[in-house]
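Student: Following this message is one structure expressed as structure tokens.
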Amino acid sequence: MRRDYRATLNLPSTSFPMKADLPKREPDRVRWWREQHTFERRLAANAANTAWTLHDGPPYANGELHMGHFLNMVLKDMFVKIALLAGKHAPFVPGWDMHGLPIELETLKHLGIKDFHSIDPIALREACRERALYWLDRQRTVRTRMGNFGDWEHPYRTIDASFEATIVETLAELAERGQIYRGLRSTLWCVHDETALAEAEIEYEPKVSPAIYVRFPADPAQRAALRAAFGTAAEPDRPIAVVIWTTTPWTLPANAAIALRPDAVYGLYRVGDEEVVVAEALARTALGERCPGDPVARATGAQLDGLAVRHPFADRDAPIVLADYVDLETGTGAVHTAPGHGADDFETGMRYGLPVLNPVDASGRFTAEAGRYAGQFIFKANAAIVDDLRASGLLWSAADYEHSYPHCWRCHNPVIFRATAQWFIAMDQNLLRQRAIDAIDAVAYTPDWGRSRQVQMIETHPEWCISRQRTWGTPIPALICQACGDSFLDPRVARLAAKRFAEVGASAWWSDPVDVYVPAGLRCPSCGGASFAQERNIVDIWFESGVTHLAVLGKRGLPWPADLVVEGGDQYRGWFRSSLITGVAIKGHAPYKHVVKNGWVNDEQGRPMSKSRGTGIDANTAMERWGADVLRLWAASVEFVDDVRFGPTVVDQVGRVYRNLRNRIRFMLSNVADLDAAAIVPLPAMEPLDRLACAVADDLAAAVRAHYERFEIHDAYLRIVEFESALSSLYFDAMKDPLYSRAAGDPRRRSAQSALLHVLRRFLTAVAPVLSFTAEEAWQTLPEPLRAGAASIFDTAFVSPDMGERTAERALWQTLLELRARVAAGVTVRDFEARARLVAAHPLYDRLLELGDTLREALVLSQLDLVPAPAATTAPSLELAPAEGAKCARCWKYRSLGADPTYPDVCADCSAVLSALEA
RNA sequence: GGGCCAUUAGCUCAGUUGGUUAGAGCGCAUGCUUGAUAAGCAUGAGGUCCCUGGUUCGAGACCAGGAUGGCCCA
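Counting from 279, one number per residue, gives the positions in the first sequence under the working numbering.
This is how it looks when you write it as structure tokens:
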């Protein structure tokens, strides 16, 4: 008679489901964390310990969060949790960047208003505020849905009165230090939005422009001078012209010079009856079929410096000047220079004292200064200008030219350079630039090349234009003198504004009478006038986010500088840079100690995600589809410092890894379910193999912690996956026999359970920063008495750093894995059908001997003979033979059966268990 | 066009200062198990280490050039 002994075994049992159902269950956990105040409690518990702050770079409160946001935000959360589990006091104050043109434009669109001049500024600001708050709320919901910890009830917001006050206070301090000035500048200008733009607000897109070659003719005196410079004979009647190339004919009315490259060779070419000057290197492409081959004469740019030709249609000269930036790749090597319409041109104009002609108004129409083109829209005037040049015979050639051209980041219209009065931070005043570069020395960078990148970004930073002619932002508290029309930024005015804004918010600037901001005795620095009006400029939002460290860290009692900032690589030029500059300018130090850069999230082909290609997916949709924990595991599975790929294939793969990890957690949970706290076997009293498993788990946990604290999330992930796999295939498998077939309270079983509990706790704490939801779910499944007083997994702690490497244990573990593989290769594992003779040399023999019978357990054998090898050097040898005895119907090991006649088909151990169960 | 970064199995990634037959996980194939079972275990296949030159006794690693992709600029 064969009996089914299944019911007499201690089979695993747990309520922890195999199917995770993450999208459905995670929102409940988010709520639970909030209700339990898990983050706040842990923060309080760590209050007396080392302070550590990750300062949140503010996402822009507009639009849905995408997977790039997800990666960045989850990484931040991992770092915060790592610090918490290491016992640090690690507050996290999330923030939002809520002013600025994109929100203003979205709001205008929402309101159905095209021209922002047509709406009352206060009303527009109120509408923008609502819009920004809507997006903050939406993004906050998604950020918490990710499982991220933080002070979600009290985020910092750049629209808060206190924040606006900090912005203006910072302006006051900078003004006091002479760091701010007002100047005419050739500024990137959007004629559609009628505002100056920052570099960061520019996107390059292909554009077809009219590319024209234009003669700048020389008058008789100029001809003589040119021919003299070229060393050719005077020919008073032969026309001569310098040919320039431009893709912006509309800038010709503002031309003030022609720039040559000093070291380039220019040729004087005879074409028909005329002579033209172009760079020799470009003659063939510039002059086309009419190029005669060799020039009549040659001269370097430097030799032509100071000469002049005539403007093609205005009644003035175009002097020849020199500039190093003139390239010999396109054009003619003779560059049309309009200081009002180009950054380089502006610099050259300053050097040569050229007039800054600016015949274009804010909306892109020519002013009276443009003569016959007055009133025309510049891009439309291109055709008229080309026609006129053709009519006057000064057009050499014209063609369409497709090139990459700067466009407004919001309205996507082409932008122009236009000279306007703006407020600037002087980068070299008070050695600001150099001090910022020096401050970088004190900062750690991950990856390390980030340092040189950051230095480069400071070195190449142009004068920082901080003014915008828009409405949705913090006002620059400058006053306009009613008498002379000059604007000035007086620190005392700024202080008054800061105080006022702190109380009622910055919209007051638009509604208050000017007196509120005028200190007694204020006089216009230009004319001494005493009557003023508020200037209507707002601050660049990069400046606003650049002072988060002042508005948040100091004012919330958090340490300054921050220990860590984590953002995408675009922020070397953005927030890392703006924060660094304000930090150095105000406090003389970088506002952070360590900069970690995360990579870009591309699609599965490594291309940028795009909605139009269907590869774009927002973070919330992804979480609804796969669950936050699988995506968090994805974030850990990729090397986040580099650009990473994301898509269904990649997530499915990591989803399988997730299932493996989850099932291993489930195995441990299901085998400790019946363990009483009182029955827990302390580590020193455990069976040798159990102690070894605990040591391996500690080793794993220590390694994971070490990687975490070096921000090596991916390395931690590898250790988790590999070690856990090794633990499962060896230890879990081997423990099934003692766990299932021994009596429930058998010391051997209790030892194994205690070890599993130890491993489980270590494992859950180690994975909690990544698999926060699953770790917490498992922790809550664990019977309360087994949680060692920790209400949440986030109340537990990492292994102490001095746990040290368990090198010997790791080596022994490796040996066991190899031996077990040899057994498994020979016989069916878990059938216990073999006995083995294991011959090992010292000192391995001694280590194996210490394991006692648990060595047999580890190798899943019915019998094992361990024999010392004679020579010290031989590798262990393993000989398999059929096990002795017969297969026990209950425990499946081969033993001598039938000791108890009541149970003839089971071994003595099993019959004892059965008898006890019957009794 | 410039600067920076990346490129190792189908996928995600390891590969100390240059040194044997380049590793892991997932996937795939095959087998076992059916007492973790929409699980578990074992075995196996799979690589022109992006390409081309160079340095070297020896290069996945170092150097030069190039290709592809990405980011930031122009």
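Note that CB positions come from ideal geometry on N, CA and C, so glycine has one too.
Relative to the C-alpha of A900, which residue among Q883, K871, D930 and V919 is closest?
Tutor: Among Q883, K871, D930 and V919, the Cα nearest to that of A900 belongs to D930.
Student: Mapping DSSP to helix, strand and coil, what is M296?
Tutor: Three-state result, M296: coil.
Student: Of all the beta strand (DSSP E) runs that stay within the bounds of the stretch 694 to 731, which reach a length of 3 or more residues?
Tutor: Runs of the beta strand (DSSP E) inside the stretch 694 to 731: 694 to 703 and 722 to 724.
Student: Less than 8 Å separating the beta-carbons of G1163 and L1175?
Tutor: For G1163 and L1175, yes; Cβs fall inside 8 Å.
Student: Could you pull out every residue in the same chain whose Cβ sits closer than 6 Å to the Cβ of S915, ignoring the five residues on either side in sequence?
Tutor: Taken in chain order, the residues that qualify are V932 and Y995.
Student: State buried or exposed for T1085, treating a residue as buried only when at least 16 other CB atoms are found within 10 Å of its CB.
Tutor: Counting Cβ neighbours within 10 Å, T1085 comes out exposed, since fewer than 16 surround it.
Student: Measuring alpha carbon to alpha carbon, tell me which of S785, I715 and I744 ends up nearest Q734.
Tutor: It is I715 whose Cα lies nearest to the Cα of Q734.
Student: What did DSSP end up calling F655 once you bin it into helix, strand or coil?
Tutor: Reduced to three states, the DSSP call for F655 is strand.
Student: Determine the closest residue to G846 out of N880, A863 and V830, with distance taken between C-alpha atoms.
Tutor: The option with the nearest alpha carbon to G846 is N880.
Student: Pick out the complete alpha helix (DSSP H) segments inside the stretch 288 to 359, 4 residues or longer, and give them in chain order.
Tutor: The qualifying runs are 300 to 314 and 316 to 323.
Student: With distances taken Cα to Cα, identify the nearest neighbour of R711 among Q732, D726, A697 and V792.
Tutor: Closest by alpha carbon: Q732.
Student: Under the rule that 16 or more other beta-carbon atoms within 10 Å means buried, what is T328, buried or exposed?
Tutor: Result: exposed.
Student: Give every residue of the same chain whose Cβ lies closer than 7 Å to the Cβ of Y1172, excluding the five residues on either side of it in the sequence, and list them in chain order.
Tutor: Counting only Cβ-Cβ distances below 7 Å, and skipping sequence neighbours, we find F1110, E1111, S1140, A1161, E1162, G1163, A1164 and K1165.
Student: Under 8 Å between the Cβ atoms of Y412 and T525?
Tutor: No, they are not a contact pair.
Student: Just curious, the beta strand (DSSP E) that P837 is in, first and last residue?
Tutor: Segment: none, P837 is in no beta strand (DSSP E) and carries neither H nor E.
Student: Taking W853 as part of the alpha helix (DSSP H), name the residues at either end of that continuous run.
Tutor: W853 to K865 is the extent of the alpha helix (DSSP H) around W853.
Student: Given this structure, state the Cα-to-Cα distance separating A955 from L1034, to the nearest angstrom.
Tutor: Distance between the alpha carbons of A955 and L1034 is about 13 Å.
Student: Under the assumption that S856 contacts R460 (Cβ atoms under 8 Å), give the Cβ distance between them as a whole number of angstroms.
Tutor: With 8 Å as the limit, S856 and R460 do not qualify as a contact, their Cβ atoms being about 20 Å apart.
Student: Does the beta-carbon distance from T473 to Q812 come in below 8 Å?
Tutor: For T473 and Q812, no; Cβs fall outside 8 Å.
Student: P1016 lies in the beta strand (DSSP E); which residues open and close that run?
Tutor: No beta strand (DSSP E) contains P1016, which is instead part of the alpha helix (DSSP H) from D1011 to S1019.
Student: Can you give me the start and stop residues for the beta strand (DSSP E) that Y603 sits inside?
Tutor: Counting along the chain, Y603 falls outside any beta strand (DSSP E), and DSSP gives it neither H nor E.
Student: Tell me the rounded alpha-carbon separation between T698 and L462.
Tutor: C-alpha separation (whole angstroms): 5 Å.
Student: Pick out whichever of P769, I943 and F508 has its Cα sitting closest to the Cα of R455.
Tutor: Measuring from the Cα of R455, the nearest candidate turns out to be P769.
Student: Expressed to the nearest angstrom, what Euclidean distance is found between the alpha-carbon atoms of E781 and S440?
Tutor: When rounded, the distance between both Cα atoms is 8 Å.
Student: Going by DSSP, which residues form a beta bridge with D1143?
Tutor: For D1143, which the question treats as bridged, DSSP gives the partners R1115.
Student: Measuring alpha carbon to alpha carbon, tell me which of G346, V308, H315 and A298 ends up nearest D921.
Tutor: The option with the nearest alpha carbon to D921 is G346.
Student: I998 by DSSP, collapsed to three states: which one?
Tutor: I998: helix per DSSP, three-state reduction.
Student: What residue range is occupied by the uninterrupted alpha helix (DSSP H) comprising G1104?
Tutor: Counting along the chain, the alpha helix (DSSP H) containing G1104 begins and ends at T1085 to G1104.
Student: What number of angstroms, rounded off, separates the C-alpha of I864 from the C-alpha of G653?
Tutor: So the two alpha carbons sit approximately 46 Å from each other.
Student: With contact counted as at least three CB pairs below 8 Å, one residue from each stretch, are the stretch 1039 to 1046 and the stretch 1112 to 1132 in contact?
Tutor: Short answer: they don't touch.
Student: Relative to the alpha-carbon of A676, which residue among P573, R320, W523 and L800 has its alpha-carbon at the smallest distance?
Tutor: Selected option, being the one with the closest Cα: W523.
Student: By DSSP's criteria, A811 is part of a beta bridge. Which residues make up the other side?
Tutor: Answer by DSSP bridge pairing, in chain order: I758.
Student: How about S1070 and T316: are their beta carbons less than 8 Å apart?
Tutor: Contact flag set, yes.
Student: Counting only the same chain and skipping the five closest in sequence on each side, list residues whose C-beta sits under 8 Å from that of R1065.
Tutor: Closer than 8 Å at the Cβ level, and outside the excluded window around R1065, lie W1057.
Student: Tell me E845's beta-bridge partners as DSSP assigns them.
Tutor: E845 is bridged to K875.
Student: Ordered along the chain, which non-local residues of its own chain (more than five positions away) have a Cβ less than 6 Å from that of P1016?
Tutor: Same-chain partners within the cutoff: R1026, R1027 and A1030.
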